[in-house]
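These protein sequences, in sequence, are chains R and W.
All the letters of the first sequence, read from the start, carry residue numbers 0 to 435 under numbering that gives the first Met the number 0.
All the letters of the second sequence, read from the start, carry residue numbers 0 to 293 under numbering that gives the first Met the number 0.
Right, one structure below, let's go through it.
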Amino acid sequence: MTTAAKNVRRRVVPVAALIGAGTLLLTACSGSGDGSGGSAPTEFSYLSLAENTAVQDTLTGLSTGACATQQEALPLSITTQPQAGIDQQLQLLGGQGALPVVFAAGNSPQVIKDLDSGGQVLDIGSTFDDLGIADDIIPAAKSTIEALYGSQIVLPTEFNVEGIWYNKKIFADNGIQAPATWDDLLAASDSLKAAGVTPLSTAGKDGWPVTRLLGNYIYRTLGPDAMQKVADGEAKLTDPEYVAAAQAVADLGAAGDFGPSVGSIDYTTAVNQFVNGEAGMFYMGSWILSVFNDPAQNKIGAENIGFIPFPEVEGGGGSSDQLAANIGVPLGMSASAYDEKVGDWLTCIGDNFGTDSLKNQGVITGFTVNTPVADLPPLTQTIQDAAAASPESVLWFEALFNAKATSTSQTNGSQLATGALSPADFMAKVQADLGN
Amino acid sequence: MNRVLGDWRAITILLGPALLVYTLVMLVPILWSLGYTVFEGNPITGFTFVGFDNLAHLFTDPRVLEALVFTLKYAFVLTVLQVVFGYLLSLMYVFWLRRASGLVRTLVFFPVVLPTVAVALLFQKLFEIVPQNGLVNSLLNTVGIPSVDWFSSPDSAFWVIIMMDVWRSMGFYAVLLYAGLVDIPEETLESARLDGASGWKLVRHIVIPLSLPVLLSSIIFSINGTLKVFDSILALTNGGPGSATTPLTLYMYQTSFTYGEYGYGSSIALLLTILCLIVTIFIFRSSRRDLTKG
């Protein structure tokens, strides 16, 4: 070897070593190929909310039943994420182009809207058209999705109405009628407190069960377009009539209607309080039917549970037949992970999810129930009837907020209930983050 | 050896990989983050140039002020407590337990090796009120004090965080300071004793001045660690109730990854960096003079 060649080799070796080390590092830093994110998925990955077991159970049930063929071609794989962190998780995964095949769409509708504007979310509407299963989503669910998201970019794995569930036995034992107005509700709460029962079981720690009450009170006092006006900038949450609604919720807390230590009660504890007969009322969506229809969890019995819409407020512009409705935390799908096998899964889900969920979980979804379900639990039937009878629905408090205002509202909800934050301050904080 | 170190190729090979790793995992992200401060958006929605709007917003955002005040309060209180408790423990090891201190040192050090999240869960359970009382509330009940909802008030939540972090870290500072104390020559202590110094006098005039360098190191360690607190608070209170226990780090994380405002999140990161820099410079400057003559 000549001296010149030796010199060249001496220079090349360290440079090559450096490049090699750098490449290794960059490879280590790049996102992992977990069956999605551009390449053909190797599994039907689903990022679920840890708190929501109904969708997981239905998908698992389908994978061993109606969708067994699809399961063989593309096995279902479920990972969970607590609801409080789902927005962060989606932002991170979206930023890396590593969204799973199917994922819970996040607390704030804005998150999936952002992902959609970045071209990362599958257009469910046109995909369903292509697959020839457009009729698998009921029209009411389609219109709710479009009202929330602008277009059909999610799967309505739930179609919920919300309201107040009450313990019929406790009400009867204490001579209380199901409240029709806000004043009735306050009077019922006083009677329940006198009987040593927590009036309204509320997961203050999670925040949103408190702000749900606030949203409903606003709709009942100011009419069904009250939150749209805030979103459009025509009204502000700091306006006296909106602050008055926050005051009404804070008054419930101050009167002890949520029971002691509302700020530390999480969702599971709140549910347990009600199904163990320790609380008279419970504001929640109809997704809770899966718990109520399960005798192992529901100690008071489904026959002892009644449902009323959020009561009217005297002199208010809203009406109690305007039920609060939502599609729960729907499922979004990754556009880049979509292929024929995912399409097969989607067809199977569209055809069977509605029936399977209603039959096995007692959860009403936005999917068409293609096979009628016999022996529907009476409570589920009641809710289906109530939803059908509602001429108009309203959304929830944060439905039209951005991610920041949603987070501020939900993290401070507990303080509104405990009285640590005044109603005016609470509304000012949320309004500041709305940015309009 | 001189010939090897005089050869630039040898230097490249020896230093190159470390420098490359350092550049890739430290310098590039820092500069990248600095660049983000003049943009707004996130990788999903794209970025738009906003100039110094983000930095200006830092001065008008009430939540930044709240987080800054909490961070400083937390750093000050925790630094004082963990260094004081660590120092007291180390004095106990050296002067009281002496050779028998091995077991106690191990026990007190044990929480340091536990995962933060596990410790946070432990404290959540200890201070729990629903669905059932934790140990602390049960103890309060036995002496006739009603249960306290520790995590629903900003003040009590703050002190639970402080308690947890003191318990978790005092063992580390005790060992660090113990290493400094055992370095004090026995003859010096003996001669001080012969001169009549004992107890508090011995500690005040001999032990503290001679262990000042390691004490100062502990304070620098502590203050920099506590200003950057993240995991313990995220796991214990998640910044709540509301945003009352949200330090700058958590607010930065929420802003970037929950609200999707990478630019403003990076501006908060810049504020935190400047804060750490100021505090470190302040401590280093004050340590330049001979503290033993203080």
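Here a beta-carbon is modelled for each residue, glycine too, at the ideal position from N, C-alpha and C.
For clarity, every value in this text was computed on a predicted model and none was experimentally measured.
Residue-level contact to chain R via CB, residue i, 8 Å cutoff
i, result
"Gln81/W", "no"
"Gly241/W", "yes"
"Ser286/W", "no"
"Ile29/W", "no"
"Ser152/W", "yes"
"Asn53/W", "no"
"Asn223/W", "no"
Chain W contact for residue i (CB, 8 Å cutoff)
i, result
"Gln176/R", "no"
"Ile264/R", "yes"
"Gln55/R", "no"
"Gln80/R", "no"
"Ser200/R", "no"
"Thr26/R", "Only weak support exists for where Thr26/R lies, its pLDDT of 40 falling under 50; the value from the coordinates is given anyway. Judged by the 8 Å Cβ criterion, Thr26/R is not in contact with chain W."
"Lys403/R", "yes"
"Asp113/R", "yes"
"Leu420/R", "yes"
"Thr268/R", "yes"
"Gly30/R", "Because the pLDDT at Gly30/R is just 38, under 50, the model does not fix this residue reliably, and the point stays unresolved."
Coil, strand or helix - residue i by DSSP
i, result
"Thr346/R", "helix"
"Leu270/W", "helix"
"Ile183/W", "coil"
"Glu313/R", "coil"
"Gly293/W", "Since pLDDT at Gly293/W reaches only 41, below the 50 mark, its modelled position is unreliable, and no value is offered."
"Tyr45/R", "strand"
"Pro198/R", "strand"
"Leu191/R", "helix"
"Phe58/W", "helix"
"Val120/R", "strand"
"Thr180/R", "strand"
"Leu18/W", "helix"
"Leu154/R", "strand"
"Pro246/W", "coil"
"Trp158/W", "helix"
"Pro108/R", "helix"
"Pro223/R", "coil"
"Thr68/R", "helix"
"Asp265/R", "coil"
"Ser265/W", "helix"
"Ile219/W", "helix"
DSSP beta-bridge partners of residue i
i, result
"Ile304/R", "Asn166/R"
"Ser392/R", "Leu322/R"
"Phe366/R", "Ile136/R"
"Pro39/W", "The sequence shown places Glu at residue 39/W, not Pro. Per DSSP, Thr47/W."
"Ile77/R", "Tyr45/R"
"Gly331/R", "Phe102/R"
"Glu161/R", "Gly284/R and Ala323/R"
"Ala173/W", "Beta-bridge pairing links Ala173/W to no other residue."
"Ala278/R", "Thr197/R"
Contacting positions in the region 407 to 418 of chain R - beta carbon closer than 7 Å to chain W: Thr410, Asn411, Ser413, Gln414 and Thr417
Give me the subset of the region 36 to 47 of chain W whose CB atoms are less than 9 Å from a CB atom of chain R, sorted by chain position. Asn41, Pro42, Ile43, Thr44 and Gly45
Members of the region 270 to 286 of chain R near chain W, C-beta cut-off 7 Å: Asn271
Does the region 79 to 96 of chain R come close enough to the region 270 to 290 of chain R to have 3 or more Cβ pairs within less than 8 Å? no
Contact between the region 381 to 394 of chain R and the region 169 to 176 of chain R (3+ Cβ pairs under 8 Å): no
Determine which residues of the region 256 to 289 of chain W have a Cβ less than 7 Å from any Cβ of chain R, and write them out in chain order. Phe256, Thr257, Tyr258 and Gly259
In chain order, what residues of the region 137 to 151 of chain W put their CB closer than 7 Å to some CB of chain R? Asp148, Phe150 and Ser151
Would you list, in chain order, the members of the region 241 to 262 of chain R that have their beta-carbon closer than 7 Å to a beta-carbon of chain W? Ser260 and Gly262
Could you please tell me which residues of the region 114 to 139 of chain W, in chain order, have their CB closer than 8 Å to any CB of chain R? Glu127, Ile128, Val129 and Pro130
Contact list for the region 84 to 108 of chain R against chain W, Cβ threshold 7 Å: Asp86, Gln87, Gln90, Leu91, Gly93 and Gly94
Does the pairing of the region 154 to 167 of chain R with the region 361 to 376 of chain R give three or more beta-carbon distances under 8 Å? yes
Pull out every residue of the region 117 to 141 of chain R whose Cβ sits closer than 9 Å to any Cβ of chain W, in chain order. Gly117 and Gln119
Segment contact, 8 Å Cβ cut-off, at least three pairs: the region 96 to 106 of chain R with the region 316 to 323 of chain R: no
The region 320 to 349 of chain R: positions lying closer than 9 Å to chain W by Cβ: none
The region 122 to 133 of chain W / the region 204 to 214 of chain W touching (three or more Cβ pairs under 8 Å): no
Can you confirm whether the region 280 to 290 of chain R touches the region 221 to 232 of chain R when touching is taken to mean that 3 or more C-beta pairs between the two stretches lie within less than 8 Å? no
Any 3 or more C-beta pairs closer than 8 Å across the region 340 to 360 of chain R and the region 179 to 199 of chain R: no
For the 8 Å Cβ check, are there 3 or more pairs between the region 259 to 275 of chain W and the region 165 to 180 of chain W? no
Should the region 419 to 432 of chain R be regarded as contacting the region 234 to 245 of chain R, the criterion being three or more beta carbon pairs within less than 8 Å? yes
Mind the definition here: the region 211 to 218 of chain W touches the region 136 to 152 of chain W only if three or more C-beta pairs lie below 8 Å; say whether that holds. no
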